[in-house]
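A.B. asks: Following this message is one structure expressed as structure tokens.
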Amino acid sequence: STWTSQTSGTANDLLDMNCPGATTCYASGASGTILKTTNGTSWSAQTSGTTQSQYSVDCPDATHCWSVGLAGTIRNTSNGTLWTGQGSGTSQNLYAVSCPDTTHCLAVGAAGTAVLTSNGTSWSASTSGTANDLHGVSCLSTTVCYAFGASGTILKTSNFGTSWTAETSGTTNYITWAAFPTATDGW
10 STWTSQTSGT ANDLLDMNCP GATTCYASGA SGTILKTTNG TSWSAQTSGT
60 TQSQYSVDCP DATHCWSVGL AGTIRNTSNG TLWTGQGSGT SQNLYAVSCP
110 DTTHCLAVGA AGTAVLTSNG TSWSASTSGT ANDLHGVSCL STTVCYAFGA
160 SGTILKTSNF GTSWTAETSG TTNYITWAAF PTATDGW
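This note's numbering numbers the first residue of the sequence shown as 10 and each following residue consecutively.
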């Protein structure tokens, strides 16, 4: 494989990227930065409507995306261009978001914060059962999600955030993410 440098058009730090298609990608970052490419080469700035840093972005398809960030900020687009705010109900930093479809998203963050939407618009709190910072989340479906964080924290929900179960990670190190090639295999 050959890697090629691309010009993002911003001097702001980019903190996350999601590619719902072969050439369509979104990147989020400091100071409310959201970038988009539809050809896999040239990037254009999107107007996020916030100056709060956006730590994570997830897009279940090319036009529906959510980004989360500083002070509980949630931004959403349903047409791939116009971004609007959605109330998270928290002022805690949200570090990660996972959206298995265009209506279900789960976001996690500081002090065990977890918030979710099952209609793509209204967000509510989910009691994670931990006070540890959660920096990663991966939803394998609209029911099964895993959250990861400080002190080796791994949490699992099988009912989209109604209840959470702590999993044994075997480490006290910070876990920021995991990959799930299948519903039963995660690293």
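C-beta atoms are modelled at their ideal positions from N, C-alpha and C, and glycine is treated no differently.
Note that the structure is predicted; figures quoted are calculated from it, not measured.
1. Looking at GLN101: is its Cβ nearer than 8 angstroms to the Cβ of THR130?
2. For GLY30, list the residues DSSP reports as bridge partners.
3. Taking the CB atoms as reference points, tell me whether ASP194 and THR151 lie closer together than 8 angstroms.
4. For TYR177, which of ASN168, LEU164 and TRP186 has the nearest alpha-carbon?
5. Suppose you measure from the CA of ALA134 to the CA of SER127; what does that come to, to the nearest Å?
6. Look at TRP173 and THR162 and say whether their C-beta atoms are less than 8 angstroms apart.
7. Do SER147 and PHE189 have their C-beta atoms closer together than 8 angstroms?
8. Measure the Cβ-Cβ separation of TRP75 and ILE83 and say whether it is below 8 angstroms.
C.D. replies: Let me spell this out:
1. Here residue 101 refers to the residue found at position 92 when the sequence shown is read from its first residue. Here residue 130 refers to the residue found at position 121 when the sequence shown is read from its first residue. The criterion of a C-beta distance shorter than 8 angstroms is not satisfied by GLN101 and THR130.
2. By one-based count along the sequence shown, residue 30 stands at place 21. For GLY30, no pairing in a beta bridge is given by DSSP.
3. Translated into positions along the sequence shown, residue 194 becomes position 185. Translated into positions along the sequence shown, residue 151 becomes position 142. Remark: C-beta atoms of ASP194 and THR151 do not approach each other more closely than 8 angstroms.
4. Here residue 177 refers to the residue found at position 168 of the sequence shown. Contrary to the premise, residue 177 reads as Thr rather than Tyr in this sequence. Of the candidates ASN168, LEU164 and TRP186, the one whose C-alpha sits nearest the C-alpha of THR177 is LEU164.
5. As a working mapping, residue 134 is identified with position 125 in the sequence shown. As a working mapping, residue 127 is identified with position 118 in the sequence shown. If I take the Cα positions, the gap works out to 12 angstroms.
6. By 1-based counting over the sequence shown, the position of residue 173 is 164. By 1-based counting over the sequence shown, the position of residue 162 is 153. Inclusion of TRP173 and THR162 in the CB contact set at 8 angstroms is not warranted, their separation being larger than that value.
7. Taking the first residue of the sequence shown as 1, we reach residue 147 at position 138. Taking the first residue of the sequence shown as 1, we reach residue 189 at position 180. Yes, these two residues count as a Cβ contact at 8 angstroms.
8. Stepping through the sequence shown from its first residue, residue 75 is reached at position 66. Stepping through the sequence shown from its first residue, residue 83 is reached at position 74. A Cβ-Cβ contact shorter than 8 angstroms links TRP75 with ILE83.
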